[in-house]
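J.:
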Amino acid sequence: MSRNPRTLVRALSAGSAAGLLAISLSACGGGETSSVASDCKPAHSDLKTITDGELTVASYDYAPATILDGENVTGMEGDLINEIAKLECLKVTVSTSGGAGAVIPSVQSKRVDIGSGNWLRTKERTKIVYMSTPLWNDPQGIVSTKGLTSDDLEGHVVGSVAGNLWNDSMQKWLGDKFKIYQDDESIYADLKAGRIDALVASSASANYRLKDAPIEGAKVVDVKPNPKVPQFAAVGQVMLPSSLDNEALGKALDEDIKTLRDNGTIKKLLEKYGVDASVGEPGAPTEL
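Going letter by letter, the sequence shown gives residues 259 to 546 in this note's numbering.
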């Protein structure tokens with residue numbers, strides 16, 4: 259998720275340990291929990307995590323990146339994290355308390371090891387978290403029933419979920435015709451009902467959602483550079499955030515991601531969720 263770090267810090271409210279909902283998952287994947295095999299040999303033997311033998315992940319439901327389903331967390335990132343856990347002989351425990359707004363603050367405050375949910379590499383985030391090497395590219399899109407593009411939004415009512423990087427720029431550009439929502443359910447409901455003309459979101463997420471829950475006439479048009487919204491100038495790269503104080507974990511994530519790209523796992527995961535596998539070759543790390 260392309261969240262603004264300032265919004266995220268303000269959003270940290272459900273941070274107490276008592277408020278965390280933990281879902282323990284097998285590092286071997288699948289729908290049942292189980293312990294890591296006693297003879298498992300981690301790719302990085304010196305790796306330190308908050309809880310020995312576990313990789314604690316802050317996440318929320320943001321298909322197709324992360325899909326929460328009972329005791330399973332799947333999706334492109336969910337599956338990838340479980341593959342990383344296999345390499346490191348760790349059990350995955352997922353904290354879902356606080357939703358999207360609690361992910362980055364939970365990483366910063368060391369309540370979790372890593373965050374998940376389509377987080378983009380940005381210059382601001384270099385100051386607050388260790389950003390992993392990019393997983394894949396994530397083009398943003400305009401979703402509407404009118405075929406609107408990022409050039410012709412003026413005069414239309416446009417929505418975006420709270421914390422997105424482009425919100426401040428779009429607020430200045432569109433004024434009171436720009437509306438901020440707290441979740442995907444409400445923003446897509448308003449698009450379907452005609453209360454907004456368009457919304458801005460991850461193209462992959464939008465296409466996945468419209469396939470599962472179609473809105474008549476709705477389509478996704480990738481954004482183009484627009485001087486009114488500087489954040490549209492480049493395609494974002496998705497990363498896994500971890501603590502700046504645990505560089506060994508960050509470096510291990512980088513190496514594990516490279517391993518999973520080189521052996522074709524990332525390509526297979528993208529294809530599994532209907533995403534063009536070409537985005538899985540994001541090139542050198544960049545920041546928005």
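C-beta atoms are modelled at their ideal positions from N, C-alpha and C, and glycine is treated no differently.
As the structure is a computational prediction, the values presented were derived from the model and not from experiment.
Can you look up G475 in the DSSP assignment and give me helix, strand or coil?
T.: coil
J.: Might you give, ordered along the chain, the residues of its own chain that have their beta carbon closer than 7 angstroms to the beta carbon of S427, omitting 5 neighbours on each side?
T.: K486, V487, P488, Q489
J.: Three-state secondary structure (DSSP) at N395?
T.: N395 falls in the strand class under three-state DSSP.
J.: Count the other C-beta atoms from every protein chain shown that fall within 10 angstroms of the C-beta of N504, then say buried if there are 16 or more, exposed otherwise.
T.: buried
J.: Using the Cα positions of K450 and D441, report the straight-line distance between them to the nearest angstrom.
T.: 15 angstroms
J.: Please state whether DSSP places V365 in a helix, a strand or coil.
T.: helix
J.: Would you mind sorting V537 into buried or exposed? The rule is 16 or more other CB atoms within 10 Å of its CB.
T.: buried
J.: Run through the DSSP bridge pairs and tell me what Y388 is partnered with.
T.: S500
J.: Given this structure, state the Cα-to-Cα distance separating G373 from V478, to the nearest angstrom.
T.: Rounded to the nearest angstrom, the two C-alpha atoms are 27 angstroms apart.
J.: Under 8 angstroms, do A343 and L313 count as touching if we go by C-beta distance?
T.: L313 sits close to A343, with the two beta carbons spaced by under 8 angstroms.
J.: Helix, strand or coil for Q372? Go by DSSP, reduced to three states.
T.: What sits at residue 372 in the sequence shown is Ile, not Gln. Note: I372 maps to strand in three-state DSSP.
J.: Where in the segment 395-481 do unbroken runs of the alpha helix (DSSP H), each at least 4 residues long, occur, reported from the N-terminal end onward?
T.: 425-432, 442-451, 461-470
J.: What does the Cβ neighbour count give for R453, buried or exposed, with the cut at 16 atoms within 10 Å?
T.: Burial call: exposed.
J.: In or out: E346 buried (at least 16 other Cβ within 10 Å) or exposed?
T.: buried
J.: Three or more C-beta pairs under 8 angstroms: does that hold for the segment 454-473 against the segment 521-533?
T.: yes
J.: Could you work out which residue in F436, A491, V496, A471 is closest to A447 when comparing CA atoms only?
T.: Taking A447 as reference, the option from F436, A491, V496, A471 with the minimal CA-CA separation is A471.
J.: In whole angstroms, what separates the C-alpha of E539 from that of K435?
T.: 37 angstroms
J.: Quick one: residues in its chain with C-beta nearer than 7 angstroms to the C-beta of V401, no 5 flanking neighbours on either side, listed in chain order?
T.: L449, A456, L457, A459, A464, A476, V478
J.: Given this structure, state the Cα-to-Cα distance separating I524 from N340, to the nearest angstrom.
T.: 12 angstroms
J.: Starting from the C-beta of A542, find all residues in its chain whose C-beta is less than 8 angstroms away, skip the five residues before and the five after it, and write them out in chain order.
T.: none
J.: CB-CB under 7 angstroms to E545, same chain, minus the five flanking residues each way: which ones, in chain order?
T.: R379, T380, K381, T384
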